[in-house]
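Numbering (this note's numbering), first residue to last: 1089 to 1319.
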């Protein structure tokens, strides 16, 4: 039986658009704030300590940027800095106590004046956590891959509805060199809305849950709230 979790995460995001050698680049940061909580059979796990996750630094390079045809393609490297709250004696933590690097490619295409699709693929490489669990073990993890697809419907020029899903594979862990046989093969669905109350401010809310989980925790409920500021 796969254990369940509830996740509530608020993300602060700042983005700055600039031009480098004729290409649009958007250096940015993301800071997750929130809580994980065990549910049902995992109630004894309690809640995650602290409120902050690991700081994320990124910069998308838009290799295709055609607003007239609503066609975009960008490459984004992400660096996860281990700044988040972490306590090895707690079973649930927002911080991971390790560095991560993600390389992501994203394609956006408008199929009608109001409907667009987003296709995103990425690969994640994991650093070591040398203070894992009550025994302060050494945690390593193989690379994982993720594919995301969703559609957006423009209700108003500053408001959209979105629905989509994602698939994650790989990422087997080792504890003190011992394979855990926990390679992921997980499917998730989500719905949400994004609103620009001002030209440089976006509020995004999405609700999602895992549909199928091969290993690890199943998120029975995930609520993401994100505040974006373009500067």
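Idealized CB from N, CA, C, for every residue including glycine.
Beta strand (DSSP E) containing residue 1193: first to last residue? Within the chain shown, the letter at position 105 stands for residue 1193. Start and end: 1188-1198.
Exposed or buried, residue 1218, counting other C-beta atoms within 10 Å across all chains shown (16 or more means buried)? Taking the first residue of the chain shown as 1, we reach residue 1218 at position 130. By the neighbour-count rule (16 or more Cβ atoms within 10 Å), residue 1218 is not buried but exposed.
Among all the DSSP beta bridges, which residues are the ones paired with residue 1307? Your numbering for residue 1307 matches position 219 in the chain shown. According to DSSP, residue 1307 bridges with 1093.
Option in 1135, 1111, 1142 and 1124 with minimal Cα separation from residue 1101: Here residue 1101 is taken as the residue at index 13 of the chain shown, counted from 1. It is 1142.
Consult DSSP for residue 1216 and reduce its assignment to one of helix, strand or coil. Along the chain shown, one-based indexing puts residue 1216 at 128. Coil, per DSSP.
Measuring straight from C-alpha to C-alpha, what distance separates residue 1093 and residue 1199? Against the chain shown, residue 1093 aligns to sequence position 5. Against the chain shown, residue 1199 aligns to sequence position 111. Their backbone Cα atoms lie some 36 Å apart in a straight line.
Could you tell me the distance, in whole angstroms, from the CA atom of residue 1305 to the CA atom of residue 1110? Residue 1305 sits at position 217 when you count from the first residue of the chain shown. Residue 1110 sits at position 22 when you count from the first residue of the chain shown. Roughly 44 Å separates the two Cα atoms.
Residue 1133 - containing beta strand (DSSP E), residue span: Working through the chain shown from its first residue, we reach residue 1133 at position 45. Per DSSP, residue 1133 belongs to no beta strand (DSSP E) and is neither H nor E.
Measuring CB atoms only, is the stretch 1253-1268 touching the stretch 1283-1295, in the sense that at least three cross pairs come out at less than 8 Å? no
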